[in-house]
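Engineer:
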Amino acid sequence: MHEMSLAESVLQIIENTARAEKCTRVKTVRLEIGQLAGVEAESLRFCFDVVTRDSVAQDAQLEIIETAGLGKCTQCGCETPIASLYEACPQCGSYGLSVIDGDAMRVKELEVE
Amino acid sequence: MCTTCGCGTDQVLIRGKTARHPNKPNEPLHFRAHERVVQTEVQVRPPLPNPLPHAGEGANESLREINFDRSEAKRIVKLEQDILAKNNSLAHSNRKRFAESAILALNLVSSPGSGKTTLLVHTLQALKGKLPLAVIEGDQQTDFDAERIRATGVEAIQINTGKGCHLDALMVEHALQQLPLPQDGVLFIENVGNLVCPAAFDLGEAAKVVVFSVTEGEDKPLKYPDMFRAARLMLLSKCDLLPHLDFDADLAIAYARRVNPQLQVIRLSATSGTGMAEWLEWITTACRAERVAAAQTA
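These protein sequence lines are chains A and B, in that order.
Sequential numbering from 4 applies to the first sequence in my numbering.
Sequential numbering from 3 applies to the second sequence in my numbering.
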């Protein structure tokens, strides 16, 4: 899903940071991508390589930290690990668990020179 | 180009003309163009101390590692920045603009071929003269849809995303500069036909309305849950075809509510007119709510 747009947004964050930090090269980019964020990690890697060509992050290593999905039942309040948005609460069986973790897409940190 | 959905970095066209950078008028606006610096709190962590060489075997190798590390002078810049922060901040300013003019902005989303444009044409014909209206049309190519809308007499602007698979808040901001705003009325934004990508991109709308046609599979809400989760209203369209199809409407709605229990649902058909009154009533009620909210903040 929309990995090219996301890769371009990541590059923009990198370029803004590189300018502000006066660094010449970005060696590693660490992203946090939630399991429920709807992002295909392999596709994001492919797009990242394409968009970072001839940029400060060319050949940078992309590390993706995947965070697990965590839901909370709106009926009984039980917290449970979830891998999709349509899972039922294991305690009371109701649907529509609210997502409390695992839907974020963040640039966590950069390793720069 | 994205291998998942085929989105790419084509130039964005608005009314068939190349959209320009807001800050660099000589440069074209690309899909997810690179401009506008987002201010970030940057916290720099000092370089970590190099590890001490181990005694005995392998000490020489460790020494080489230490030298290597020093020559590279690595630094860690902590960011913790949301990848969609820029889009979200532009969406916020679009939303503010809509609120100031008491405009109900609806983001219509669906897979290709669900009948969004036909439904929109019938909706505009019914609301014309009762409410101020305007339309932003999003498609990868052609301005056929905007032409169909303009034939109803309602102002429409076409955004061509090129290879882009969704509209984003910046494209909408550009379109708003060229479109007379329907003060106290409704702005319909017809997104690119795609049930995946538009779910993540806030345009500043009051609500996403997902159009789901009965010629699709009942399990679509489970296959593409993000969109049904993000929507406030689901229009189950082409219901006039139900007698000819093996489609279980109740099951389709149950699946959608499994993903989003708060989802409102209207069954309708633009062709036969079934359910259209309920949909028009939903719009006018939401429109009234926008006006009340605008009056309270004024």
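Where is the CB? At the ideal position from N, CA and C, for every residue including glycine.
(1) Please list, in chain order, the residues of the stretch 194-205 of chain B that have any C-beta partner in chain A closer than 8 angstroms.
(2) Only counting the same chain, and skipping five residues up and downstream in sequence, which positions put a Cβ closer than 8 angstroms to that of B/Arg152?
(3) Considering only their Cβ atoms, is the gap separating B/Glu220 from B/Ile105 smaller than 8 angstroms?
(4) Assess contact between the stretch 203-211 of chain B and the stretch 88-102 of chain B, defined as three or more Cβ pairs (one per stretch) separated by less than 8 angstroms. Is contact present?
(5) First and last residue of the alpha helix (DSSP H) that includes B/Leu106?
(6) Between B/Ile138 and B/Leu183, is the Cβ-Cβ spacing less than 8 angstroms?
(7) If distances are taken between C-alpha atoms only, which option among A/Ile68, A/Tyr89 and A/Gly96 comes closest to B/Glu82?
(8) Mind pulling the chain A residues with CB within less than 9 angstroms of B/Lys88?
(9) Going straight from the alpha carbon of B/Lys76 to that of A/Thr31, what length do you get?
(10) So is B/Gly18 buried or exposed if we call it buried at 16+ other beta carbons inside 10 Å?
(11) Classify B/Gln45 as helix, strand or coil using the three-state DSSP reduction.
(12) I'd like the list of long-range same chain contacts for A/Gln94, defined as Cβ closer than 6 angstroms, with 5 residues on each side in sequence excluded.
(13) Taking the straight line between their C-alpha atoms, what separation do you get for A/Ala91 and B/Tyr257?
(14) Shortest alpha-carbon distance to B/Val188 belongs to which of B/Leu197, B/Val156 and B/Asp250?
(15) Is DSSP giving B/Ala232 helix, strand or coil here?
(16) Compare the beta carbon distance of A/Glu87 and B/Pro227 with 8 angstroms and say whether it is the shorter of the two.
(17) Using 8 angstroms as the threshold, is the C-beta distance between B/Ala161 and B/Val14 below it?
(18) Of all the residues that make up the stretch 74-97 of chain A, which are near chain B by a beta-carbon distance shorter than 7 angstroms?
(19) Between the alpha carbons of A/Ser8 and B/Gly115, how many angstroms are there, rounded?
(20) For the alpha helix (DSSP H) holding B/Asp84, just list the boundary residues, first then last.
(21) Output, in chain order, the set of chain A residues within a Cβ distance shorter than 7 angstroms of B/Asn262.
(22) Kindly provide the ranges of any alpha helix (DSSP H) runs that are 4 or more residues long and lie completely inside the stretch 112-191 of chain B, ordered along the chain.
(23) My understanding is that B/Ala107 touches B/Ala208, with C-beta atoms under 8 angstroms, so please give their C-beta distance in whole angstroms.
(24) Evaluate B/Pro245 with the Cβ neighbour count: other Cβ atoms within 10 Å of its Cβ, from every protein chain shown; 16 or more gives buried, anything less gives exposed.
(25) Report yes if the C-beta distance between A/Leu39 and A/Glu6 is below 8 angstroms; otherwise report no.
(26) Kindly identify the DSSP beta-bridge partner or partners of B/Ala209.
(27) Work out the CA separation of B/Lys98 and B/Lys240 for me, nearest whole Å.
(28) Counting only beta-carbon atoms, is A/Val59 nearer than 8 angstroms to chain B?
(29) Is the beta carbon of B/Arg234 sitting closer than 8 angstroms to the one on B/Val261?
(30) Which of the three DSSP states, helix, strand or coil, is assigned to A/Asp104?
(31) Please list, in chain order, the chain B residues whose beta carbon lies closer than 7 angstroms to that of A/Glu112.
(32) Under 8 angstroms, Cβ to Cβ, is there at least one residue of chain B near A/Arg56?
(33) In whole angstroms, what separates the C-alpha of B/Thr299 from that of A/Lys75?
Structural biologist: Straight from the coordinates:
(1) Val198, Cys199, Ala201, Ala202 and Phe203
(2) Against the second sequence, residue 152 of chain B aligns to sequence position 150. Counting only Cβ-Cβ distances below 8 angstroms, and skipping sequence neighbours, we find Ala158.
(3) Here residue 105 of chain B refers to the residue found at position 103 when the second sequence is read from its first residue. Here residue 220 of chain B refers to the residue found at position 218 when the second sequence is read from its first residue. A distance of 8 angstroms or more separates the beta carbons of B/Ile105 and B/Glu220.
(4) The stretch 203-211 of chain B vs the stretch 88-102 of chain B: in contact.
(5) Within the second sequence, the letter at position 104 stands for residue 106 of chain B. That residue, B/Leu106, is in no alpha helix (DSSP H); its beta strand (DSSP E) goes Leu106 to Ser112.
(6) Taking the first residue of the second sequence as 1, we reach residue 138 of chain B at position 136. Taking the first residue of the second sequence as 1, we reach residue 183 of chain B at position 181. No, Cβ-Cβ distance for B/Ile138 and B/Leu183 is not below 8 angstroms.
(7) Translated into positions along the second sequence, residue 82 of chain B becomes position 80. When each option's Cα is compared against that of B/Glu82, the closest is A/Ile68.
(8) Indexing the second sequence from 1 puts residue 88 of chain B at position 86. Those are Ser12, Gln15 and Ile16, listed as they occur along chain A.
(9) The residue given as residue 76 of chain B occupies position 74 in the second sequence. The residue given as residue 31 of chain A occupies position 28 in the first sequence. The straight-line gap from Cα to Cα measures roughly 10 angstroms.
(10) What you label residue 18 of chain B is simply residue 16 of the second sequence in a count that begins at 1. Answer is exposed; the Cβ neighbour count stays below 16.
(11) Walking along the second sequence from the start, residue 45 of chain B turns up at place 43. For B/Gln45, the predicted structure reports a pLDDT of 45, less than 50, and the residue's modelled location is therefore unreliable. The matter cannot be settled from this model.
(12) Mapped onto the first sequence, residue 94 of chain A falls at position 91. Cys79 and Cys81, listed in sequence order.
(13) What you label residue 91 of chain A is simply residue 88 of the first sequence in a count that begins at 1. What you label residue 257 of chain B is simply residue 255 of the second sequence in a count that begins at 1. Those two C-alpha atoms are separated by around 12 angstroms.
(14) What you label residue 188 of chain B is simply residue 186 of the second sequence in a count that begins at 1. It is B/Val156 whose Cα lies nearest to the Cα of B/Val188.
(15) Your numbering for residue 232 of chain B matches position 230 in the second sequence. Three-state DSSP puts B/Ala232 in a helix.
(16) As a working mapping, residue 87 of chain A is identified with position 84 in the first sequence. As a working mapping, residue 227 of chain B is identified with position 225 in the second sequence. In the sequence as displayed, the identity of residue 87 of chain A is Ser instead of Glu. A contact, by the Cβ cut-off of 8 angstroms.
(17) Here residue 161 of chain B refers to the residue found at position 159 of the second sequence. Here residue 14 of chain B refers to the residue found at position 12 of the second sequence. The residue you asked about is not Ala; residue 161 of chain B is Ile in the sequence shown. For B/Ile161 and B/Val14, yes; Cβs fall inside 8 angstroms.
(18) Ser87, Leu88 and Tyr89
(19) Your numbering for residue 8 of chain A matches position 5 in the first sequence. Your numbering for residue 115 of chain B matches position 113 in the second sequence. Whole-angstrom Cα-Cα distance: 24 angstroms.
(20) Start at 1 with the first residue of the second sequence, and residue 84 of chain B comes out as number 82. No alpha helix (DSSP H) contains B/Asp84, which is instead part of the beta strand (DSSP E) from Arg77 to Asp84.
(21) Looking up residue 262 of chain B in the second sequence gives position 260. Result: Gly99.
(22) 118-129, 146-152 and 171-180
(23) In the second sequence, counting from the first residue as 1, residue 107 of chain B sits at position 105. In the second sequence, counting from the first residue as 1, residue 208 of chain B sits at position 206. The Cβ separation is near 5 angstroms, so the contact holds.
(24) Numbered from 1 along the second sequence, position 243 holds the residue referred to as residue 245 of chain B. Classification for B/Pro245: exposed.
(25) The sequence position of residue 39 of chain A within the first sequence is 36, counting from 1. The sequence position of residue 6 of chain A within the first sequence is 3, counting from 1. For the 8 angstroms CB-CB criterion, A/Leu39 and A/Glu6 do not form a contact.
(26) As a working mapping, residue 209 of chain B is identified with position 207 in the second sequence. Answer is B/Leu108, bridged to B/Ala209.
(27) For the purposes of this step, residue 240 of chain B is taken as the residue at position 238 of the second sequence. For the purposes of this step, residue 98 of chain B is taken as the residue at position 96 of the second sequence. About 34 angstroms.
(28) The residue labelled residue 59 of chain A in the question sits at position 56 within the first sequence. By this cut-off, A/Val59 is not an interface position.
(29) Within the second sequence, numbered from 1, the residue matching residue 234 of chain B stands at position 232. Within the second sequence, numbered from 1, the residue matching residue 261 of chain B stands at position 259. Going by C-beta atoms, B/Arg234 is not nearer than 8 angstroms to B/Val261.
(30) Translated into positions along the first sequence, residue 104 of chain A becomes position 101. Note: A/Asp104 maps to strand in three-state DSSP.
(31) Residue 112 of chain A sits at position 109 when you count from the first residue of the first sequence. Within chain B, the residues near A/Glu112 are Ile78, Val79, Lys80 and Leu81.
(32) In the first sequence, residue 56 of chain A corresponds to position 53, counting from 1. Chain B contact via Cβ: absent.
(33) Counting from 1 along the second sequence, the entry for residue 299 of chain B is found at position 297. Counting from 1 along the first sequence, the entry for residue 75 of chain A is found at position 72. Taking the straight line joining both Cα atoms gives about 34 angstroms.
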